[in-house]
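This report refers to the structure that appears directly beneath it.
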Amino acid sequence: MQLHEDANMPVGADLYTQIEQLEQNCRSMTMPALHEAIDEIRAKATAHGLVALEGIAHAFERSIARNRDATAFGLYFDQLKLATGCVDADGDEARDAMLAAISVRLTG
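Residue numbers (my numbering): 766 to 873.
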């Protein structure tokens, strides 16, 4: 397991940088471009077994599709960046906890 985790470290760092860049540009992006960028992050996470990151990206896509103006971009970006450091063993639990954190913050 440790070797797989170590192999994902550069991927997580790359995704973190990609998420930060998207966070800076997202408000000026068209809806299709935004969906494509988030889907790219989700696809990379899937390819590398980053379950938590994949789940947060998928939830982010759904939220934007429902109502872009009501989406709490900051909450999703915070959790996406946090998820880049999650290991496979904690993937499902981490994803669920991060989605719960977003939900709790939204309902205040």
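The beta-carbon is built from N, C-alpha and C at its ideal position, and this holds for glycine as well.
The structure presented is a predicted model; accordingly, all values stated were derived computationally and were not measured.
Original post:
Beta-carbon separation of E826 and D804 under 9 Å?
Top reply: yes
Subject >> Residue burial classification, Q767 (beta-carbon count within 10 angstroms, cutoff 16) >> reply: Low confidence applies to Q767: its pLDDT is 38, below 50, so where it sits in the model is not reliable, and the reading given next is rough at best. Exposed, by the Cβ-count rule.
**OP:** Please work out which residues of its chain come closer than 7 Å, Cβ to Cβ, to A822, disregarding the five sequence neighbours upstream and downstream, and give them in chain order.
**Re:** I803, I806, R807, A810, L845
Original post:
Using DSSP with H/G/I as helix, E/B as strand and the rest coil, what is L815?
Top reply: coil
Subject >> Length at least 4, wholly inside the stretch 801 to 864: the alpha helix (DSSP H) runs in chain order >> reply: 816 to 832, 838 to 848
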